[in-house]
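Note sheet for the following structure.
Protein chains: 2
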Amino acid sequence: MKKYFSIISASPLFQGISGESFSSMLDCLGCTQRAYEKGATVFFEGDAISEIGLLVRGRLHLVKSDVWGNESIVAELVPPEMFGEAVCCGGAGRLPVSVVAKEASEVLFLGYKKIVTTCPSACTFHAKLIRNMIGILAEKNILLSQKMEHITQRTTKEKLLSYLGEIARQRGSKSFDIPFNRQELADYLSVERSALSAEMSKLRKAGVIDYRKNHFALLREPDG
Amino acid sequence: MKKYFSIISASPLFQGISGESFSSMLDCLGCTQRAYEKGATVFFEGDAISEIGLLVRGRLHLVKSDVWGNESIVAELVPPEMFGEAVCCGGAGRLPVSVVAKEASEVLFLGYKKIVTTCPSACTFHAKLIRNMIGILAEKNILLSQKMEHITQRTTKEKLLSYLGEIARQRGSKSFDIPFNRQELADYLSVERSALSAEMSKLRKAGVIDYRKNHFALLREPDG
DNA sequence: AGGATTCTGTTTGATTTCAAACGAAACGGT
DNA sequence: ACCGTTTCGTTTGAAATCAAACAGAATCCT
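Just so you know, the sequences run in chain order A and B. Okay, so the first sequence: first residue is 0 according to numbering that gives the first Met the number 0, each after it adds one. Okay, so the second sequence: first residue is 0 according to numbering that gives the first Met the number 0, each after it adds one.
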């Protein structure tokens, strides 16, 4: 397990915890490790899980299948990403996806109860671990809420302006860079790339925005 | 403060904590209370907050204003709802909304640090409190993720079927009730109510679904 | 029972988006 | 400098949504 310490320390869950304490800590957490061959299933959809998975090697797919059995890939995980934390922490829920190894992979399992229960033996970093977990969940909440705000807008134009406005607010300037290219921005906003490009052109012609590559500027308030 | 104990005990944050421990607990948390007149502002957008608010009386609006100063009401809070928990727990963030009292209101403030730091004096329920907080954040995460899945679908029909499929999966049956009326469902899915009704009719005619009021049945897999 | 209100389904024309295709520009590697 | 790939803007017809309006059904209230 020691060979994965550098991966583990890169995980937000162990942020601010020194690598030297890992051995005793992982012990204290009753952490187990398992390897999966390519194609193996780590968890099945509907499983009631009580452990959080931390991917330390390989590549996992989160696969969702609807009532009719159609499967779709919800996300791809690479080290040191985690999975199952919301389901574990949220209580009685069951996993809404299957977890499948797309490459030979290794996963560290951390018991949820052991994480959120401060140990009587005064494990120094346990409190920090809990704060990290809370921070991770809260952060994800904020990101989801922000995205939701943009996506709930009805038209492509509104979605785009909602997004650009948000970034401008965050940066505190009406001129800023965005971290997406066109296709990524379209995916993020759940619209068609071509339609997005077309709207951008219109807004530029109308003098509302200007842009060049990833740099954008808000010029004036849009009509309506 | 005692008169609000019944409200407080209804908050998910204090679930499983007996009312008798409230006095000592709220003390231990360094909890403060403030009253606001109708129209008063509890927090301003952009404030860096370190306390979680628990509304015990009145009614609050979360108001967001974009870069151009247009304001919109994001949510309405009634007791015993909380606010600011994601921002506090998420670390360096600033409040993305203003909090305004729409009626004469009273708010309990709980210091974030005091909540997530188990006290040395072995406050019995502190651990439970932390688990509750984690549970709240995780739960919200799951709800947001589910909604996101439906809303990112491109067409009204896809959004509807994604939602109905999810409910059917949860209920474990292809025949089920939903907790929304038409307008609420349309709002939840971010589509036009009339367009939603029209799509529902089409799907019924096509033999894909059947419904009556809030009761739905999935009959067969949709084409495409 | 009667009347007002809310909820739902349907239609309409205008608007918007989708999906696919294409060319130009930018980029990267050899 | 060359070629292949990716990115971006534009156009097109087809399809879907919006927004508004209206009527019937259900519900609530007195």
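Every residue gets a Cβ at the ideal spot worked out from N, C-alpha and C, and that includes glycine. If you're wondering where the values come from, they're calculated on a predicted model, not measured in any experiment.
- Kindly list, in the order they appear in chain A, the residues whose Cβ is closer than 9 Å to that of residue 31 (chain B). Going along chain A, no residue has its Cβ under 9 Å from residue 31 (chain B), so there is no contact; the nearest lies around 22 Å.
- Message: On a Cα-Cα basis, can you pick out the residue from B:41, B:95 and B:36 that is closest to residue 63 (chain B)?
- Response: B:95
- Tell me whether residue 212 (chain B) is buried or exposed, calling it buried when 16 or more other Cβ atoms sit within 10 Å of its Cβ. exposed
- Query: Based on Cα-Cα distance, which residue from A:66, A:84, A:57 and A:110 lies nearest to residue 101 (chain A)?
  - Reply: A:57
- Message: Determine, for residue 88 (chain A), whether the minimum Cβ-Cβ distance to residues of chain B falls below 8 Å.
- Response: yes
- For the region 184-202 of chain A against the region 147-162 of chain A, are there 3 or more C-beta pairs whose distance is under 8 Å? yes
- Query: Does the beta carbon of residue 115 (chain B) sit closer than 8 Å to a beta carbon anywhere in chain A?
  - Reply: yes
- Bridge partners of residue 42 (chain A), per DSSP? A:98
- Item | For residue 143 (chain A), three-class secondary structure by DSSP | helix
- For the candidate residues B:176, B:21 and B:174, whose alpha-carbon lies nearest to that of residue 107 (chain B)? B:21
- Task: Jot down the residue ranges of each uninterrupted alpha helix (DSSP H) in the region 124-208 of chain A, minimum 4 residues, whole runs only, in chain order.
- Result: 125-150, 155-170, 181-188 and 192-204
- Item | Option nearest residue 127 (chain A) by Cα separation, candidates A:11, A:205, A:77 and A:37 | A:11
- Message: Classify residue 203 (chain A): buried if its beta carbon has 16 or more other beta carbons within 10 angstroms, exposed otherwise.
- Response: exposed
- Report yes or no: do the region 127-141 of chain A and the region 59-78 of chain A share at least 3 C-beta pairs separated by less than 8 Å? no
- Between residue 9 (chain B) and residue 37 (chain A), what straight-line distance do the alpha-carbon atoms span, to the nearest angstrom? 48 Å
- The beta strand (DSSP E) with residue 71 (chain A) in it runs from where to where? 70-76
- Item | 6 Å CB neighbourhood of residue 18 (chain B) in its chain, flanking five on each side removed | 4 and 8
- Determine whether the Cβ of residue 104 (chain B) lies closer than 8 Å to any Cβ atom of chain A. no
- Under 8 Å between C-beta atoms, does residue 158 (chain B) make it to chain A? no
- Query: What are the boundary residues of the alpha helix (DSSP H) that residue 108 (chain A) is part of?
  - Reply: Taken as a continuous stretch (DSSP letters only), residue 108 (chain A) belongs to no alpha helix (DSSP H), being part of the beta strand (DSSP E) at 104-110.
- Message: For a contact defined as C-beta to C-beta under 8 Å, what are the partners of residue 140 (chain A) on chain B?
- Response: 85, 89, 136, 139, 140 and 143
- Item | Span of the beta strand (DSSP E), counted from its first residue to its last, around residue 21 (chain A) | Per DSSP, residue 21 (chain A) belongs to no beta strand (DSSP E); it is in the alpha helix (DSSP H), 21-27.
- Task: Identify, in the order they occur along the chain, each residue of the same chain with its Cβ nearer than 7 Å to the Cβ of residue 150 (chain B), setting aside the five sequence neighbours on each side.
- Result: 158, 188 and 189
- Which word fits residue 178 (chain B), buried or exposed, when buried means at least 16 other C-beta atoms lie within 10 angstroms of its C-beta? exposed
- Reducing DSSP to helix, strand and coil, say where residue 34 (chain B) ends up. strand
- Task: Look at the alpha carbon of residue 99 (chain A) and the alpha carbon of residue 206 (chain A), and state the distance between them as a whole number of angstroms.
- Result: 48 Å
- Residues that residue 218 (chain A) bridges to, as DSSP identifies them: Note: residue 218 (chain A) sits in no beta bridge, so no partner.
- Query: For residue 46 (chain A), which of A:55, A:14, A:31 and A:97 has the nearest alpha-carbon?
  - Reply: A:97
- Residues in the region 33-50 of chain A having any Cβ partner in chain B nearer than 7 Å: none
- Taking buried to mean at least 16 other C-beta atoms within 10 Å of its own C-beta, is residue 180 (chain B) buried or exposed? exposed
- Message: Along the chain, where does the alpha helix (DSSP H) containing residue 5 (chain B) start, and where does it finish?
- Response: 4-9
- Does the Cβ-Cβ distance between residue 109 (chain B) and residue 78 (chain B) come in under 8 Å? no
- Query: Hey, does residue 183 (chain B) have any beta-carbon neighbour from chain A nearer than 8 Å?
  - Reply: no
- Message: Here's a check: name, in chain order, each residue in its chain whose Cβ is nearer than 6 Å to the Cβ of residue 174 (chain A), leaving out the five neighbours to either side.
- Response: 216
- Should residue 84 (chain B) be labelled buried (16 or more other beta-carbon atoms within 10 Å of its own) or exposed? buried
- Task: Determine whether the Cβ of residue 220 (chain B) lies closer than 8 Å to any Cβ atom of chain A.
- Result: yes
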